[in-house]
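S.K.: Here the numbering used here is used: the first residue of the sequence shown is 15, the next is one more, and so on.
Handing you this structure, nothing more for now.
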Amino acid sequence: MKRVFTLLLVAGLFSSCGSSESSNSSSDSTKKDTKSKEGISAESSEPAKAESKWQYSEEVDKMTSAKNYFATIESDNQLDFEFPYDGGSNGTITVRKMAKSTDVLIGISKGQFNSHSDGTTVKVRFDDKKPINFTCSEPSDGSSDALFIDSPKKFLTLLKSAKKVIVQAEFYESGLKEMEFDTKDFKWNH
15 MKRVFTLLLV AGLFSSCGSS ESSNSSSDST KKDTKSKEGI SAESSEPAKA ESKWQYSEEV
75 DKMTSAKNYF ATIESDNQLD FEFPYDGGSN GTITVRKMAK STDVLIGISK GQFNSHSDGT
135 TVKVRFDDKK PINFTCSEPS DGSSDALFID SPKKFLTLLK SAKKVIVQAE FYESGLKEME
195 FDTKDFKWNH
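In structure tokens form, the structure reads like this:
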């Protein structure tokens, strides 16, 4: 028994001599652990605040030197479409201020909105309120992966106080689908 204990002691000494850096770091981590157990700092005692899902950006218009502002959020859910748009697609809401105009766009990463010659409508639900129909316009370049909300001021007013938004739109050969957004902490002062 003495022999086993002596061998373990010698092996322990060799392993600690070979790496003084690791023993220092382990003693440092022990000190840190002791400190964290003794008293909780003000930072760790506060609950972690969830970060906003909104992404904000700005750019300068090269022709006018005016600043353009953008806020974009991606849907929490993915939409599934058939080939060639299979593999999951995310919706987006983009608010942009360019020159003196503010626009709201609904977009899709893969897929096509179904547009009609007599107008396109999306149904939007802000929090637990009744759904509202918004008429939309196609982009001037004819692309089918975005729609412009025709009444952006009304949409923005409702968006600023909403924590959750659901947008239902019709998609090419896929019918009606819903995009869900966690819109809390939206800030727009432009």
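Glycine included, each C-beta is placed from N, C-alpha and C at the ideal position.
Using alpha carbons as the reference points, say which of 101, 82, 183 lies closest to residue 109.
M.R.: With distances taken between Cα atoms, residue 109 lies closest to 82.
S.K.: Per DSSP, which residues does residue 67 bridge with? Please list them.
M.R.: Residue 67 pairs with nothing; no bridge assigned.
S.K.: For residue 97, name the three-state secondary structure that DSSP assigns.
M.R.: Coil at residue 97, not helix or strand.
S.K.: Check residue 203 in the structure and name its three-state DSSP category.
M.R.: Three-state DSSP puts residue 203 in coil, outside helix and strand.
S.K.: Got a sec? Which residues, its chain only, sit under 7 Å from residue 202 by beta carbon, not counting five neighbours each side?
M.R.: These residues qualify, in order along the chain: 85, 109, 170, 174.
S.K.: For residue 189, write down the residues that DSSP places opposite it in a beta bridge.
M.R.: Looking at the DSSP assignment, residue 189 forms a beta bridge with 185.
S.K.: Taking 9 Å as the threshold (C-beta atoms), are residue 93 and residue 125 in contact?
M.R.: Against a cut-off of 9 Å, the Cβ pair of residue 93 and residue 125 comes out as a contact.
S.K.: Would residue 80 be called buried (16 or more neighbouring beta carbons within 10 Å of its own) or exposed?
M.R.: Residue 80 comes out exposed.
S.K.: Grouping DSSP H, G and I as helix and E and B as strand, with all else coil, what is residue 124?
M.R.: In this structure, residue 124 counts as coil in the three-state DSSP scheme.
S.K.: Which two residues bound the contiguous alpha helix (DSSP H) that contains residue 167?
M.R.: Where residue 167 is concerned, the enclosing alpha helix (DSSP H) stretches over 166-175.
S.K.: Under 9 Å, do residue 139 and residue 180 count as touching if we go by C-beta distance?
M.R.: Yes. Within cutoff.
S.K.: Could you compute how far the alpha carbon of residue 89 sits from the alpha carbon of residue 137?
M.R.: Residue 89 and residue 137: Cα-Cα distance of roughly 15 Å.
S.K.: By Cβ distance, which residues of its chain are closer than 6 Å to residue 192, with the 5 residues on each side in sequence left out?
M.R.: Excluding positions up to five away in sequence, the list reads 180, 182.
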